[in-house]
């Protein structure tokens, strides 16, 4: 895949000394959708706004299609944005909102009408052109914002948490719509979100950001299955952490003593030596709840259990360590009540070791 | 915003605004200050100002002013609060609308109208006092002055409280009620504490307005001399510029202090913003007996306000109200046959020319302050606001002094009136436009830039349409204020240009109360007609601007 959008050592320092973006490098391929994912304050929105031209980088460059765009004013960058809260012009109709960019480019008359109709058709809003944005539902406003950005056939689409104002059901639906549309049109896209499920659904690749840096860049599956550090593991999906001590090494795996036994454990990059303290991560779906005393099972107690429909969520204690387990529900099988003694089984390949939280400086420095 | 920062247009705009303020406001005020601290030979000398505090007469003038300011501010604030409480928590339906309307009436009246009808009703020949009750009364002095100023200025307090009361979250009162508080207790422990900024703002603003008031002290103050009237009389009666300057500088101090105290303590929260958001929950009505008491007070005042206005009308259409009640058009014939027609057209022309300029200056400054990164942009805000904070008589004196000599010899021309009107009313336009701009999410302008529009296109197509109403209301306010102000132009009138308020003062001075009332009636009609027409023509459907 050829790189289309290229950020090179991009940096943003605010006058008060805050470093919002601390020198990131990122390449987005043509037609690819990359999500910037991270908690608030991680620098993802600042990065997006630098690409759009609303913030000036303190250092670094931005290239789009082989040309530097960081030197251009925001109205010349050919990168349209879908804003958080949509930023629809309240004094203009839906039609005028969608046609705004074309009007600015002095396109009018039948050409304008055709294009606006086509764009409204693309997002399923035929016939609503005369309305004011305020008269539309949240989802419809979202579609207007999308049509307004798409109609200019930009080289790059920017999304700033576009779904954060919608309720959960609509959000899931719009995720799929945006993904389908983006793939159909094939526009290179940068998508900012703090919602990991949204990033997983939408993105070809995810850049997890932490304190101004990219902590990990990879496909959703890589990020989930092989998180580069504790923060990524905790931010993408749910994660249990237990303390462990390294007891040796066997080929690609570490042998780590945790939850009362030595277990083969995958590990994140870093230097490990025998006797080191590590944090061991287990995804909740890898924790299987079996009858108490089952062969080789870890002894545990149910603290709380809840029925989620297709699955059940257990809060457990095992040897003083709190663990979460998500277990598929089978019809007719009752939930284990709070206080019940149970056995826990975890697949060997499901453990992953990180440098212990106290030794995190090493992990963070790797950035 | 970056787009605009990069745009050299912002810098050019800043320079233009700076030049306009320096010329129309800075230079005149510098002339006042210069005369205050320099003697005829240009040597530093503050003796004339200090003399104000050492001689008994001028010292009494200072004390009189402060006494009047504090009392008028207290009374006006309390009355405004009572009205806001009544319309918000005591009455509903048509009675509420009527009280609301009456509470706003004095805002559009030329100040004389009320003083004049007070004299008609309660004067030595008062219709009510002497005619009906056979009392010997004398409204001239502090009592009459306070009465008129309270009626004139309480609407300011009412507007502030009305806006604040609407913003109160009814859930807070419901919570207090739910926790067992009585309605009186809720008022005392929840409502009033939440309105505290309103009390500070209303008090300080009325204090400033009261000190700056020239018309009422002249008409009804009698022997009770205050700073504004003394400065005016020093020029008009004694041709003593130094004395006028000394009074002016002393008048500036408390006015500016109170004004900026209000800005700093109360800040933007005192700006009346229309959010149009219906509040959830239901506001609690007050207890029945309290409601009745409140309604008696506000109802009486409302009736009085109406009565005062009707009296102006009656005074205009009778020979001499109270003495010879024959219905006649003589007053209008006298006014319109004399220089009244000139005064009407002159005043309307000057006011109408100045209004859009004031609105544009306000818009330009607001845009600079809110939407650009020009260094020192907040200073623009404070400096432009000086035009409203400085008492009108001081501003007028400054303009008189600044433009009666080279390099800007403008006395007698229309330009000095327009300068005075623009500088005086741009601040209101500034405040309404700042409030409107702050309500526009910057992402709207960013979206426009993102879609390829340059700063100028964005301003024309997005920003301007969204603040249009604020700019328009700034212009309308400017027009009405220009038509009805006396203090700013009192020292500037020459035979070249006739100003209605100044003519009214002359008529009343000459004891022609009837033609004064006729003038006032004409003035009110022009202002009302203009406001209604402008709102009809430009007003259309308001746009709700939200996030």
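Protein chains in written order, with my numbering: chain A, 67 to 433; chain B, 581 to 1127.
For each residue, glycine too, the CB sits at the ideal point set by N, CA and C.
Provide the residue(s) that pair with residue i in DSSP beta bridges, ordered along the chain.
i             : result
residue 347/A : 307/A, 418/A
residue 364/A : 410/A
residue 260/A : Its beta-bridge partners do not exist; DSSP assigns none.
residue 95/A  : 69/A
residue 613/B : Residue 613/B pairs with nothing; no bridge assigned.
residue 371/A : 380/A
residue 354/A : 411/A
What does the alpha-carbon distance come out to for the pair residue i and residue j?
i              : j              : result
residue 389/A  : residue 281/A  : 25 Å
residue 952/B  : residue 935/B  : 25 Å
residue 657/B  : residue 960/B  : 30 Å
residue 1105/B : residue 630/B  : 45 Å
residue 673/B  : residue 663/B  : 15 Å
residue 924/B  : residue 874/B  : 41 Å
residue 885/B  : residue 1078/B : 29 Å
residue 379/A  : residue 348/A  : 15 Å
residue 90/A   : residue 78/A   : 10 Å
residue 1003/B : residue 948/B  : 17 Å
residue 234/A  : residue 99/A   : 22 Å
residue 191/A  : residue 182/A  : 10 Å
residue 854/B  : residue 741/B  : Annotation note: pLDDT 34 at residue 854/B (below 50); position unreliable, no value reported.
residue 659/B  : residue 200/A  : 39 Å
Determine the burial state of residue i: buried for a count of at least 16 other Cβ atoms within 10 Å of its Cβ, exposed for fewer.
i              : result
residue 767/B  : buried
residue 592/B  : exposed
residue 602/B  : exposed
residue 1095/B : buried
residue 803/B  : exposed
residue 1075/B : exposed
residue 1091/B : exposed
residue 1058/B : buried
residue 735/B  : buried
residue 857/B  : Confidence at residue 857/B is low in this model, with a pLDDT of 37, below 50, so the placement of that residue is unreliable and no value is reported for it.
residue 909/B  : exposed
residue 256/A  : buried
residue 637/B  : exposed
Among the residues of its own chain, which have a CB less than 7 Å from the CB of residue i, if the five just before and after it don't count?
i              : result
residue 1018/B : 950
residue 794/B  : 808, 809, 812, 972, 973, 1066, 1067, 1070
residue 877/B  : 662
residue 423/A  : 296, 345
residue 351/A  : 392
Sort the options by Cα distance to residue i and report the nearest one.
i              : options                        : result
residue 777/B  : 661/B, 666/B, 876/B, 884/B     : 661/B
residue 97/A   : 187/A, 245/A, 350/A            : 245/A
residue 275/A  : 289/A, 108/A, 222/A            : 108/A
residue 789/B  : 981/B, 967/B, 1027/B, 705/B    : 967/B
residue 902/B  : 680/B, 608/B, 708/B, 611/B     : 708/B
residue 797/B  : 838/B, 723/B, 753/B            : 723/B
residue 728/B  : 786/B, 1025/B, 774/B, 991/B    : 786/B
residue 669/B  : 1023/B, 957/B, 1059/B, 872/B   : 872/B
residue 598/B  : 718/B, 958/B, 1060/B, 1107/B   : 958/B
residue 298/A  : 218/A, 104/A, 340/A, 94/A      : 104/A
residue 143/A  : 841/B, 607/B, 1026/B, 614/B    : 1026/B
residue 940/B  : 655/B, 1009/B, 991/B           : 1009/B
residue 206/A  : 337/A, 357/A, 90/A, 187/A      : 187/A
residue 606/B  : 983/B, 743/B, 725/B            : 983/B
residue 1007/B : 1040/B, 962/B, 1041/B          : 962/B
residue 141/A  : 1037/B, 1118/B, 1061/B, 1030/B : 1030/B
I'd like the list of long-range same chain contacts for residue i, defined as Cβ closer than 6 Å, with 5 residues on each side in sequence excluded.
i             : result
residue 228/A : 148
residue 214/A : 163, 164
residue 364/A : 325, 384, 410
residue 253/A : 223
residue 827/B : 807, 810, 811
residue 93/A  : 69, 72
residue 266/A : 286
Give every residue of the same chain whose Cβ lies closer than 8 Å to the Cβ of residue i, excluding the five residues on either side of it in the sequence, and list them in chain order.
i             : result
residue 134/A : 127, 128
residue 221/A : 70, 130, 131, 144, 145, 253, 254
residue 624/B : 617, 618
residue 118/A : 140, 143, 145, 147, 224
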